[in-house]
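Residue numbers (the working numbering), protein chains in the order written: chain A, 6 to 295; chain B, 132 to 454; chain C, 5 to 289.
Yeah, the Cβ is synthetic: ideal placement off N, Cα and C, and Gly gets one too.
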Amino acid sequence: MKKFLSLALALTCAVSLLAGCQKSGGDQPSGGSSAASNPPAASNTEVTGAVATDGSTSMEKVIGALGESFMGANKGITVTYNPTGSGSGIQAVSEGRCDIGLSSRALKDEEKASGLKETVVALDGIAIIVSPENPVSDLDVETIAKIYTGEITNWKDLGGSDAEIVLIGREAGSGTRDGFESITGTKDACKYRQELTSTGDVITTVSQNPDAIGYASLAAVSDKVKTLTVGGVTPTEDTVKDGSYVIQRPFVLVTKDGAQLSDAAQLFFDYATSADAADIISKAGAVPVA
Amino acid sequence: MRETSAENMVQVGADAVFCGLEKQARGNDSRMSTGAAKKNLLETVIHGIFLILGLITVACVLLITVYLVLSGLPAIGKIGLTKFLFGKTWASTAAQPAFGILPFILTSVYGTAGAIAVGVPIGFLTAIYLAKMAPAGIKAVVGGAVSLLAGIPSVVYGLVGMLVLVPGIRKLFHMPDGASLLAAIVVLAVMILPSIIKVSVTALEAVPKEYEDASLALGATPVETWFRVSVPAAKSGIAASVVLGVGRAIGEAMAVMMVSGNVANMPSLFESVCFLTTAVAKEMSYSSGLQRQALFSIALVLFLFIMLINAVLNFFLKRDKEG
Amino acid sequence: MKNVSARRRTYGLAMKSLMLLAAGVTCALVVFMVVYVLYKGVPNITWQLLSTSPSYLSDTIGILPDILNTLYIVIYTLFLVLPLGVGAAIYLTEYAANRKLVGIIEYAAETLSGIPSIIYGLVGMLFFCEFLGMQTSLQAGAFTLVIMNLPTIMRTTQESLKTVPQSYREGAFGLGAGKWRVIRTVVLPNSVDGILTGCILAVGRILGESAALLFTAGFAHAVNNYFVGLHRPGATLTVALYVYAKEQGEFEVAFAIAAILMALALIINLAAGLVGWYFKRRKEL
Numbered sequence: 006m007k008k009f010l011s012l013a014l015a016l017t018c019a020v021s022l023l024a025g026c027q028k029s030g031g032d033q034p035s036g037g038s039s040a041a042s043n044p045p046a047a048s049n050t051e052v053t054g055a056v057a058t059d060g061s062t063s064m065e066k067v068i069g070a071l072g073e074s075f076m077g078a079n080k081g082i083t084v085t086y087n088p089t090g091s092g093s094g095i096q097a098v099s100e101g102r103c104d105i106g107l108s109s110r111a112l113k114d115e116e117k118a119s120g121l122k123e124t125v126v127a128l129d130g131i132a133i134i135v136s137p138e139n140p141v142s143d144l145d146v147e148t149i150a151k152i153y154t155g156e157i158t159n160w161k162d163l164g165g166s167d168a169e170i171v172l173i174g175r176e177a178g179s180g181t182r183d184g185f186e187s188i189t190g191t192k193d194a195c196k197y198r199q200e201l202t203s204t205g206d207v208i209t210t211v212s213q214n215p216d217a218i219g220y221a222s223l224a225a226v227s228d229k230v231k232t233l234t235v236g237g238v239t240p241t242e243d244t245v246k247d248g249s250y251v252i253q254r255p256f257v258l259v260t261k262d263g264a265q266l267s268d269a270a271q272l273f274f275d276y277a278t279s280a281d282a283a284d285i286i287s288k289a290g291a292v293p294v295a
Numbered sequence: 132m133r134e135t136s137a138e139n140m141v142q143v144g145a146d147a148v149f150c151g152l153e154k155q156a157r158g159n160d161s162r163m164s165t166g167a168a169k170k171n172l173l174e175t176v177i178h179g180i181f182l183i184l185g186l187i188t189v190a191c192v193l194l195i196t197v198y199l200v201l202s203g204l205p206a207i208g209k210i211g212l213t214k215f216l217f218g219k220t221w222a223s224t225a226a227q228p229a230f231g232i233l234p235f236i237l238t239s240v241y242g243t244a245g246a247i248a249v250g251v252p253i254g255f256l257t258a259i260y261l262a263k264m265a266p267a268g269i270k271a272v273v274g275g276a277v278s279l280l281a282g283i284p285s286v287v288y289g290l291v292g293m294l295v296l297v298p299g300i301r302k303l304f305h306m307p308d309g310a311s312l313l314a315a316i317v318v319l320a321v322m323i324l325p326s327i328i329k330v331s332v333t334a335l336e337a338v339p340k341e342y343e344d345a346s347l348a349l350g351a352t353p354v355e356t357w358f359r360v361s362v363p364a365a366k367s368g369i370a371a372s373v374v375l376g377v378g379r380a381i382g383e384a385m386a387v388m389m390v391s392g393n394v395a396n397m398p399s400l401f402e403s404v405c406f407l408t409t410a411v412a413k414e415m416s417y418s419s420g421l422q423r424q425a426l427f428s429i430a431l432v433l434f435l436f437i438m439l440i441n442a443v444l445n446f447f448l449k450r451d452k453e454g
Numbered sequence: 005m006k007n008v009s010a011r012r013r014t015y016g017l018a019m020k021s022l023m024l025l026a027a028g029v030t031c032a033l034v035v036f037m038v039v040y041v042l043y044k045g046v047p048n049i050t051w052q053l054l055s056t057s058p059s060y061l062s063d064t065i066g067i068l069p070d071i072l073n074t075l076y077i078v079i080y081t082l083f084l085v086l087p088l089g090v091g092a093a094i095y096l097t098e099y100a101a102n103r104k105l106v107g108i109i110e111y112a113a114e115t116l117s118g119i120p121s122i123i124y125g126l127v128g129m130l131f132f133c134e135f136l137g138m139q140t141s142l143q144a145g146a147f148t149l150v151i152m153n154l155p156t157i158m159r160t161t162q163e164s165l166k167t168v169p170q171s172y173r174e175g176a177f178g179l180g181a182g183k184w185r186v187i188r189t190v191v192l193p194n195s196v197d198g199i200l201t202g203c204i205l206a207v208g209r210i211l212g213e214s215a216a217l218l219f220t221a222g223f224a225h226a227v228n229n230y231f232v233g234l235h236r237p238g239a240t241l242t243v244a245l246y247v248y249a250k251e252q253g254e255f256e257v258a259f260a261i262a263a264i265l266m267a268l269a270l271i272i273n274l275a276a277g278l279v280g281w282y283f284k285r286r287k288e289l
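Okay, here's the thing in structure tokens:
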């Protein structure tokens, strides 16, 4: 018993030592020396702490990039991100479980009334995606609405192959789903085959099924899938910015109205909404508004 | 060597006990009482500590039950018990929310039943093979393989299911989409195989050899002996393994979430479905208000289901044991 | 076996082939899982993957934080569950006189082991994260895992305590030792093998757990030292696998993590077997 106890204690101490050593080397981004080209102007090494962000999965790349470059210049602060969905992020910030909530839709009136404040940090297009094997390449908003409400069920009606359309969408709390459904006018009327919990999942599922159609954040889309043009307009940073690509929504930082953010969180908030962050945001695929 | 020192200890101890008894017979020495009292205090304190540690399990069960009941009852009260349990539509975020969980209950029941229907025959036959027919070398290897299967995390099963099973079902059955109840049943069956096999093998090996020898002596073939004598003798153990399998299948969330589509439909083999467990996991993080309380109610229903199944099956097992 | 009718012979043959088929299917499944995961995963295990954190700026993925989080949670959980589980088992075998109380405690332990992990995650979130104020953290996850693994440790410790011969205890009592001293010096050292096996089994269960940790420990990928890390959210390997596979579609990373977990499962099995074999040999000496 004594031997076991002393062994266990020794092991714990050893690991703590090891882990303590890790900390000094662990905060550096792995190879990102070139990417941190715009360090925040007021880099502050006296403030320490943690900033907990929680919410939209579409904002992952943007928040991740912002957080990383911010941490690169502010060694004492750690920014963490929890990908749980826009609805969950708004919930978390109002319950005080995180510092800044992330939402990929504008706040609803009842949410604003309950004491939450929104700050738009970027605009993001919602890409309509299909499998690369699908011959269809352009749809307009009304057709998309008809597909998702189940009026059009076969690709052959749209010029594609004779196959049933598989509707992929997001879960009910998703900001992306909210944006998509409000712009196409299909709120509560979509007949999904699968309701997935993140943007990345939608992209994966659509890429694996030649008859699937889905919607995902433009910032996250890769060449695993084919992006459709909507009404002839290709979604790019410019078309989202000038509004000609209609299916879009804001990326919003949600904070509690009237409550003071912690020093670390306030610094990060100011950085994310400053002009310095614009470059990082566009590299991550969204459209900066600053 | 350990044994001999123990024997020595027992001898010394016996002598000491007799000495002590003699001393007691002569009357207690007053010098010993303070030392003994201190030792008694320590002993009582330690006894108390262990008692508390022992009661912690009971405390945990009470905690879990109380929390589930407290968080689950309000929503059931607001929605109405029959509408909740037997309502066919689950639309928790619609403008007119509906909170019927019958699709989830039925999906969990069918999914578990399907997994048992596929997994128990395979597991049962493999167990008999391992316990009775396999030569020692093969038994060790296959036994090791089964243990490995038991140790694989459920997310790995989900990953393989997502990338192999779902497209496979889609291509094999010419479905538009492979994420379905069938995929979940296959994954669950594979996951409960190790539990069924391990417990059944233990039960079969515990059958007294005399039963089998008697059967063989009476002229039965080995195969007949296994199925007509050993299996009935190991009935309670095999039933216990099925109970274990049912418990695991009904409680599985992660692997099933990755292969079954997660739309709240009434269950049908090739449709996208949602289990009781995945319903909770899917909506928990962003729910609020009545929706969130409804999710706790689903968890309460799941908990009660499992308690009920365990109680019923254990009742039948006990009856068999005595019968 | 001369007078076996043709019908009985066919029955025997049919059942034997069914049994072989079933065993074959089981083996094929295991072989397929292991080979597929290793084949898809091992090529993706690079030093960079194992030793860096994920970086959005340079678009790389590293699982170092997940490995560390898993290690921290395993250590912290074992640290808590061992005294609790061993203590409860000692109470049940050495101290408890009341049969009903023993029955209640054992029934409670059995109930705990049957509860699905998602319910543990839910109650853990409600009780540890919200009520006790631990927020989403490795600590809350560890406490949840403690309750989950309590029955395992209790059961294995109980069984190994029962194998200590009563004569050992009686000898020590006869020498005048108090109960606690007997347990400390005679009973426990002789049941170390069971306790160790229980530990190894618990580690295996903790490594594979994901549903209970989703709501209690979160998904963060930050590298912290042990004491800081316990109070921060962190993804363990299994949760990271789920996130990378389902939410980001990074299948190479997911398979690499799956291969690591598969290798760990193998090592745990071997370790448990070795411990059992080693202590059996020592007892037979």
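Against residue i, what residues of chain A qualify as contacts under a CB-to-CB distance less than 7 Å, listed in chain order?
i	result
S141/C	Here the premise fails: no neighbours, minimum Cβ distance about 11 Å.
G222/C	N87
Helix, strand or coil for residue i per DSSP?
i	result
D129/A	strand
R175/A	strand
Q199/A	strand
P237/C	coil
T241/A	coil
P193/C	helix
L290/B	helix
N396/B	coil
G382/B	helix
A271/B	helix
T140/C	coil
T62/A	coil
So with CB distances below 9 Å, who are the chain C contacts of residue i?
i	result
T352/B	M5, V8, R12, R13, Y15 and G16
V387/B	Per Cβ cutoff of 9 Å: no residues; V387/B is ~10 Å from chain C at best.
Kindly list, in the order they appear in chain B, the residues whose Cβ is closer than 8 Å to that of residue i.
i	result
E169/A	P307
Which residues bound the beta strand (DSSP E) around residue i?
i	result
G106/A	I105 to S108
I218/A	A217 to S222
S87/A	Reading off the sequence, residue 87/A comes out as Asn, not Ser. I82 to P88 is the extent of the beta strand (DSSP E) around N87/A.
May I ask which residues mark the beginning and end of the alpha helix (DSSP H) holding residue i?
i	result
R254/A	Unbroken run through R254/A is the beta strand (DSSP E), Q253 to K261; no alpha helix (DSSP H).
I210/C	V196 to G212
A269/C	F255 to E288
A283/A	A283 to K288
A345/B	K340 to A348
Could you tell me the alpha carbon to alpha carbon distance between residue i and residue j, rounded to whole angstroms?
i	j	result
E256/C	G60/A	25 Å
S63/A	E251/C	10 Å
N393/B	E355/B	46 Å
G166/B	T175/B	14 Å
G101/A	T58/A	11 Å
D344/B	T352/B	11 Å
What does residue i touch in chain B if you count any residue whose Cβ is under 7 Å from its own?
i	result
L88/C	L184 and I187
S242/C	For clarity, residue 242/C is Thr in the given sequence; the question names Ser instead. Correct list: P284 and V286.
Taking residue i as the query, report the chain C residues whose CB atoms sit under 8 Å from its CB, ordered along the chain.
i	result
A55/A	R236
Going along chain C in order, which residues have a C-beta closer than 7 Å to the C-beta of residue i?
i	result
K66/A	Y60
query: Is there contact here, the segment 263–281 of chain A with the segment 70–79 of chain A, by at least three beta-carbon pairs under 8 Å?
result: With a cut-off of 8 Å, the segment 70–79 of chain A and the segment 263–281 of chain A count as touching, because enough Cβ pairs lie within range.
task: Report yes or no: do three or more beta-carbon pairs, one from the segment 133–153 of chain C and one from the segment 236–251 of chain C, lie closer than 8 Å?
output: These segments touch.
message: Pairs of beta-carbons, one from the segment 120–131 of chain A and one from the segment 205–219 of chain A, closer than 8 Å: are there three or more?
response: Taking 8 Å as the limit for Cβ pairs, the verdict is that the segment 205–219 of chain A does not touch the segment 120–131 of chain A.
query: For the 8 Å Cβ check, are there 3 or more pairs between the segment 270–290 of chain B and the segment 324–342 of chain B?
result: Contact between the segment 270–290 of chain B and the segment 324–342 of chain B is present, because at least three Cβ pairs lie under 8 Å.
- request: Count the C-beta pairs between the segment 239–251 of chain A and the segment 84–100 of chain A that are closer than 8 Å, then say yes if the count reaches three, no if not.
  value: Under the Cβ criterion (8 Å, minimum of three pairs), the segment 239–251 of chain A does not count as touching the segment 84–100 of chain A.
message: For the segment 51–59 of chain C against the segment 118–132 of chain C, do three or more pairs of beta-carbon atoms, one drawn from each stretch, fall closer than 8 Å, so that the two count as touching?
response: Result no; under three Cβ-Cβ pairs closer than 8 Å.
message: Assess contact between the segment 223–234 of chain B and the segment 357–367 of chain B, defined as three or more Cβ pairs (one per stretch) separated by less than 8 Å. Is contact present?
response: A contact is defined here as three or more CB-CB pairs under 8 Å, and the segment 223–234 of chain B fails this definition with respect to the segment 357–367 of chain B.
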